[in-house]
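Colleague: In my numbering, the protein residues as written are 2 to 183.
Ideal placement from N, C-alpha and C gives every residue a C-beta, glycine not left out.
1) When burial is assigned at 16 or more other CB atoms within 10 Å of the CB, is residue 179 buried or exposed?
2) If we call anything under 8 Å between Cβ atoms a contact, is residue 95 one with residue 124?
3) Roughly how far, in whole angstroms, is the beta-carbon of residue 120 from the beta-carbon of residue 98, given that I think they are within contact range, below 8 Å?
4) At which residue ranges does the segment 67-125 contain complete beta strand (DSSP E) runs of 3 or more residues, listed in the order of the chain?
5) Measure how close the beta-carbons of residue 77 and residue 136 come, nearest whole angstrom, since I'm counting them as under 8 Å.
6) What is the DSSP secondary structure of residue 132, counted as helix, strand or coil?
7) Classify residue 61: buried if its beta carbon has 16 or more other beta carbons within 10 angstroms, exposed otherwise.
8) In chain order, what residues of the same chain have a beta carbon less than 8 Å from the beta carbon of residue 90, not counting five sequence neighbours either side?
9) Please list the terminal residues of the continuous beta strand (DSSP E) segment that includes residue 150.
10) In whole angstroms, give me the CA-to-CA distance for residue 152 and residue 183.
11) Less than 8 Å between the beta carbons of residue 100 and residue 58, yes or no?
12) Can you list, in chain order, the residues of its chain with a C-beta nearer than 7 Å to that of residue 168? Leave out the 5 residues immediately preceding and following it.
13) With 16 as the cutoff for other CB atoms within 10 Å, does residue 103 come out buried or exposed?
14) Straight-line CA distance for residue 129 to residue 34?
15) Can you tell me the Cα-Cα spacing of residue 56 and residue 92, whole angstroms?
16) For residue 1, is the classification buried or exposed, using 16 other Cβ atoms within 10 angstroms of its Cβ as the cut-off for buried?
17) Could you have a look at residue 158 and say whether DSSP puts it in helix, strand or coil?
18) Let me confirm a value: residue 144 is counted as buried when at least 16 other C-beta atoms fall within 10 Å, else exposed. Which label applies?
Shown next as structure tokens:
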């Protein structure tokens, strides 16, 4: 439908600019104009971005080891492991992520890969996810992968998220941005 409307507009323009000098093939002229427009228009193809399956990690958590390692995480760390080329997330936009949440011993406590392919979809605003994840996603682009290491105070803190995340645990999220939009 869009192409037909654009073709009609292009044909009208072609007829008006060419005048009576020569009789163009309206369809050929319209297609020539559309091809020039398409050459100059870059399209973003979200299907190029497909998450790879993550490493599984240990089958059972070692809470003592995870707690000991958590004590060494004092501030938020964001490591970009693959740059993205798509749209960038900004407050108020919707974002779709594939992610793996791990304790510091590598145990996977939550993963979109094991939830039947339901990726995390939310409005990028404070309070929608834990504070450390919100801050760690700032400026992420579609196609970008990050490892976000979150200190306990920016994760679940002293309460934890029983039974999977005990109190005072730092967390590591491996995220992959699939989509950003309105």
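Modeller: From the atom records:
1) By 1-based counting over the chain shown, the position of residue 179 is 178. That one is buried.
2) Here the question's residue 95 lines up with position 94 in the chain shown. Here the question's residue 124 lines up with position 123 in the chain shown. One thing to note: residue 95 has its Cβ within 8 Å of the Cβ of residue 124.
3) Taking the first residue of the chain shown as 1, we reach residue 120 at position 119. Taking the first residue of the chain shown as 1, we reach residue 98 at position 97. Confirmed, Cβ separation roughly 6 Å.
4) The segment 67-125 contains these whole beta strand (DSSP E) runs: 78-83, 95-104, 109-112 and 121-124.
5) The residue labelled residue 77 in the question sits at position 76 within the chain shown. The residue labelled residue 136 in the question sits at position 135 within the chain shown. In this structure, residue 77 and residue 136 form a Cβ contact; the two beta carbons are roughly 6 Å apart against a cut-off of 8 Å.
6) Stepping through the chain shown from its first residue, residue 132 is reached at position 131. Under the three-state reduction of DSSP, residue 132 is assigned to helix.
7) To locate residue 61, count along the chain shown from 1; it is residue 60. Result: exposed.
8) Sequence index remark: in the chain shown, residue 90 carries index 89 (1-based). Here the set comprises 96, 125, 138, 139, 140, 141, 142, 178 and 181.
9) What you label residue 150 is simply residue 149 of the chain shown in a count that begins at 1. That run of the beta strand (DSSP E) goes 146-151.
10) Residue mapping note: residue 152 aligns to position 151 of the chain shown, counting from 1. Residue mapping note: residue 183 aligns to position 182 of the chain shown, counting from 1. Spanning the two alpha carbons is a distance of roughly 30 Å.
11) Locating residue 100 in the chain shown gives position 99, where the first residue counts as 1. Locating residue 58 in the chain shown gives position 57, where the first residue counts as 1. Using a Cβ distance threshold of 8 Å, residue 100 and residue 58 do not count as a contacting pair.
12) For this step, residue 168 is matched to residue 167 along the chain shown. Within the same chain, residue 168 has close Cβ partners 159, 160 and 161.
13) Counting from one through the chain shown, the residue named residue 103 turns up at place 102. Residue 103 is classed as buried because its beta carbon has at least 16 other beta carbons within 10 Å across all chains shown.
14) Working through the chain shown from its first residue, we reach residue 129 at position 128. Working through the chain shown from its first residue, we reach residue 34 at position 33. C-alpha separation (whole angstroms): 46 Å.
15) Taking the chain shown and counting its residues from 1, the one referred to as residue 56 is at position 55. Taking the chain shown and counting its residues from 1, the one referred to as residue 92 is at position 91. Those two C-alpha atoms are separated by around 31 Å.
16) There is simply no residue 1 to check, as the chain begins at 2 and stops at 183 in what is shown.
17) Looking up residue 158 in the chain shown gives position 157. The answer is coil: DSSP assigns residue 158 none of H, G, I, E or B.
18) Residue 144 sits at position 143 when you count from the first residue of the chain shown. Classified as buried, residue 144 has 16 or more neighbouring CB atoms from the shown chains inside 10 Å of its CB.
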